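Report on one structure; see the data block that follows.
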Amino acid sequence: MPTLTATNQLANADFRFWKVDVTSTDPSVVYTNIFGTSGTLYAIYVQNVESSNEAVFLKMYDTVTPPVNGTTHPDFGFGIKSGVKEVFLFPEGVTFNAGLSWAVSDFANGKGTTRGDNTLDAGVSKIVFVYK
């Protein structure tokens, strides 16, 4: 019978979690430098509770300076369909040399925040970042 041996490879991994329950859909709300320093991102969990069949976009910036949602072009962007939970995994990690700042928008690119109705109705309710 084969033997299973535990290697404890993650025993000293020291991963950290940053969770937020998003309650504001104001396009000016940007979370700045959530690591507090540079860091490496390994996973993101996003829950989109938007009921109007709209995707939302998680925009991430490698900066400690507060980006302006809709003006500052993001370094990374992820689309999340309406009514779903998404998990994005980065086994090798994504390094943020300055720090991770982020915002949510219902507009895909970095040069806009609306879909023509002059409101931001991004429905993301929970985001969890796993980093080190």
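Residue numbers for the sequence shown, in the working numbering: 1 to 132.
The C-beta atom is built at its ideal place from N, Cα and C for all residues, glycine as well.
Computed from a predicted model, the values in this text were never measured in an experiment.
- Classified as buried, D106 has 16 or more neighbouring CB atoms from the shown chains inside 10 Å of its CB.
- A contact between stretches requires three or more CB pairs, one per stretch, nearer than 8 angstroms, and the segment 13-20 fails this requirement with the segment 74-91.
- Beta-bridge pairing by DSSP links Y61 to S101.
- With fewer than 16 other beta carbons inside 10 angstroms of its own, L89 counts as exposed.
- At the C-beta level, V104 and L41 stay beyond 7 angstroms of one another.
- Here the alpha carbons of F129 and G79 stand approximately 16 angstroms from one another.
- Annotation for T32: P66 and S101 place their beta carbon closer than 6 angstroms to its own, counting only its chain and skipping 5 residues before and after.
- The residues T95, F96, N97, A98 and G99, in chain order, have a CB closer than 8 angstroms to that of S38 in the same chain once the five nearest residues on each side in sequence are set aside.
- Counting C-beta atoms within 10 angstroms of its own C-beta, G36 has fewer than 16 neighbours from the protein chains shown and is therefore classed as exposed.
- Rounded to whole angstroms, the gap between the alpha carbons of M60 and N69 is 10 angstroms.
- Taking C-alpha positions only, K126 is separated from G77 by approximately 17 angstroms.
- For T40, the secondary structure class from DSSP, reduced to helix, strand or coil, is strand.
- Excluding five sequence positions before and after A43, the CB atoms of its chain that fall closer than 6 angstroms to its own CB belong to L89 and V130, given in chain order.
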